[in-house]
Amino acid sequence: MSALPQSSAHKWPQEPGSGRGRSHGTSSTEPFDRWFRYPAGFASDYVAMLLDSLGLAKGTLVDCFAGSGVTGTAARKRGLDFVGIEAHPLVAEVARLKLIPMATPAQVRALSDEIRASAQVMAKVDTKALTAETDLVRRSFDKETLSRLVGLRRLVQDKMAEPAAPYLKWALLGTLRDVADVKVGWPYQRPGVSRKPRYTDPLARLMARAEMIAEDLESLDQDRGAAEMVVGDSRDSQTWAGVTDAASACVASPPYLNNFDYADATRLELYFWGEVRTWADMCREVRSDMLTATTQQSSVGEKASAIAALEAMDDEAARQVLKLVDAIGEVQKSRSRRAKEYDRVAPAYFVAMRQILENLHAHLAPEASVLWLVGDSAPYGVYVDTPRLIGELGVGAGFEFVDDVQLRVRGNRWGSNTDRHKVVLSERLLILRRPA
Ligand SMILES: C[S@@+](CC[C@H](N)C(=O)[O-])C[C@H]1O[C@@H](n2cnc3c(N)ncnc32)[C@H](O)[C@@H]1O
22 MSALPQSSAH KWPQEPGSGR GRSHGTSSTE PFDRWFRYPA GFASDYVAML
72 LDSLGLAKGT LVDCFAGSGV TGTAARKRGL DFVGIEAHPL VAEVARLKLI
122 PMATPAQVRA LSDEIRASAQ VMAKVDTKAL TAETDLVRRS FDKETLSRLV
172 GLRRLVQDKM AEPAAPYLKW ALLGTLRDVA DVKVGWPYQR PGVSRKPRYT
222 DPLARLMARA EMIAEDLESL DQDRGAAEMV VGDSRDSQTW AGVTDAASAC
272 VASPPYLNNF DYADATRLEL YFWGEVRTWA DMCREVRSDM LTATTQQSSV
322 GEKASAIAAL EAMDDEAARQ VLKLVDAIGE VQKSRSRRAK EYDRVAPAYF
372 VAMRQILENL HAHLAPEASV LWLVGDSAPY GVYVDTPRLI GELGVGAGFE
422 FVDDVQLRVR GNRWGSNTDR HKVVLSERLL ILRRPA
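Residues are numbered in my numbering as their position in the sequence shown, beginning at 1, plus a constant of 21.
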């Protein structure tokens with residue numbers, strides 16, 4: 022039995038016609054949000070509607086799964102202060118550059134002119150040098166394009182001491198998927214499937230993107246809200262140490278249970294820039310602070326400690342999660358083929374949600390609202406009402422349940438081919454409130 026009341030009659034915003042929740046909406050044209058298309062990113066227009074529905078004139082907005090900072094740009098536009106926490110270091114970097122300008126538009130334009138001039142003299146690297154690139158990078162571009170991209174990367178990397186260089190880095194990372202000649206559609210790259218590149222000249226594309234960044238920086242006036250980006254794990258109370266304990270609201274979208282692997286989704290950018298070269302590097306450098314939401318991240322040890330934590334919680338939500346874990350485990354055992362270990366993901370995921378909700382509760386002002394966009398799921402056909410369970414875990418952490426609004430039906434990503442279940446899944450808006 023659910024511990025939550027039925028939904029209230031309050032009208033929360035449905036998704037705008039121009040875009041749907043997680044399908045990016047106007048993010049590719051919105052200043053700042055257009056710098057990089059993060060597959061998990063909020064639709065800018067939907068976040069704008071959520072913020073408008075809160076009607077906050079001042080205060081601090083928190084996003085404990087800040088990603089590329091779309092909530093932050095919407096908060097700034099409304100004069101609100103913003104604190105974002107994000108575990109993926111590369112994605113947190115672009116959010117920080119968007120929200121905390123570190124160079125002037127003039128500096129970005131000057132460096133971009135310098136790089137254009139150097140590129141005209143030293144346009145590309147010798148194709149022999151390309152053997153040093155990772156397999157994914159080599160397979161994503163034709164040789165000529167890749168030798169130009171690598172040449173541009175060297176020019177930008179040589180300038181990393183300059184304040185504008187990180188902006189040129191992101192202009193170049195944004196260029197990668199523009200000029201790739203294989204399917205690099207989100208969330209997964211498919212280097213075996215060719216496509217016509219959207220743009221053919223990496224230098225021209227880099228320059229266009231750098232100019233777009235300069236224009237967006239120019240559009241900022243100094244009086245808008247202040248922002249802070251924390252790179253780290255929002256499960257850990259230490260990560261929240263510098264965050265105000267009187268934030269006005271939280272607008273966020275947590276990872277969906279087994280939706281996709283955020284580190285893998287950005288492998289092309291990570292590998293190209295050279296921060297990460299192998300899967301092992303990626304697990305160590307990128308994934309280490311991320312909560313477990315996919316089978317690739319799960320482990321027997323984490324399952325055991327999550328089960329122990331749920332048992333110790335001794336509340337209705339924890340008992341429901343434990344029952345679901347058993348039900349998923351039973352289905353896995355009954356399968357003739359090797360099953361994915363969804364029973365390891367679910368307990369770790371919900372324990373993480375509870376920890377984050379507790380941290381959030383400690384950093385919100387009385388009566389502050391929490392708006393989380395999240396979907397449900399059905400591992401091997403076992404229905405997991407994720408938004409409802411998160412709501413109940415939130416009540417256990419001290420929140421009041423306000424509403425659980427269905428936004429739309431969505432496709433599922435559990436199982437593949439013959440494993441695909443028939444359960445209809447939905448995208449939902451969960452609303453909680455910190456009591457007065
Ligand atoms: C659905 S995405 C949110 C994207 C964001 N709304 C945006 O507009 O870009 C969920 C994010 O949570 C991040 N994440 C996963 N585990 C985390 C953790 N323990 N602490 C903080 N962020 C985490 C993921 O890296 C991912 O970027």
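Beta carbons are placed, not taken as given, at the ideal position from N, Cα and C, and that holds for glycine. Computed from a predicted model, the values in this text were never measured in an experiment.
- Judged by beta-carbon spacing, S89 lies beyond the 8 Å limit of Y67, meaning their Cβ atoms are not closer than that value.
- DSSP places T81 in the uninterrupted beta strand (DSSP E) bounded by 81 to 84.
- Checking the 7 Å criterion, the Cβ of H109 is within range of a heavy atom belonging to ligand 1.
- Residue state for D147 is assigned as coil, using DSSP reduced to three classes.
- The closest heavy atom of ligand 1 lies less than 7 Å from the beta carbon of A61.
- In the DSSP assignment, the residues bridged to K204 are R211.
- Burial of T92 is indicated by the presence of at least 16 other C-beta atoms within 10 angstroms of its C-beta.
- For R256, the CB falls within less than 7 Å of some heavy atom of ligand 1.
- At least one heavy atom of ligand 1 lies closer than 7 Å to the C-beta of C85.
- Here E448 carries a strand assignment [DSSP, helix/strand/coil].
- Each residue's CA atom was taken as its position, placing L173 and A140 some 7 Å apart.
- With a threshold of 16 other beta carbon atoms within 10 Å, W300 falls short and is exposed.
- Its chain contains P187 as the residues whose beta carbon lies nearer than 6 Å to that of L118, once the 5 sequence neighbours on both sides are disregarded; these appear in chain order.
- The DSSP-derived three-state label of R431 is strand.
- Look at E306 here: in three-state DSSP terms it is helix.
- If you draw a straight line from the Cα of S274 to the Cα of R175, it is about 36 Å long.
- For L392, the enclosing beta strand (DSSP E) starts and ends at 385 to 396.
- Taking the Cα of W56 as reference, the smallest distance to any Cα among S269, L238, K98 is reached at L238.
- Counted as a single uninterrupted DSSP element, the alpha helix (DSSP H) harbouring M334 occupies residues 321 to 334.
- Taking the CA atoms as reference points, I411 sits about 28 Å from D54.
- Contact check for A348 against R455 fails: the beta carbons are separated by 8 Å or more.
- Distance between A457 and D266, taken at the CA atoms: about 14 Å.
- Between T315 and A369, the C-beta spacing is not below 8 Å.
- Counting the other Cβ atoms within 10 Å of the Cβ of M374 gives 16 or more, which makes it buried.
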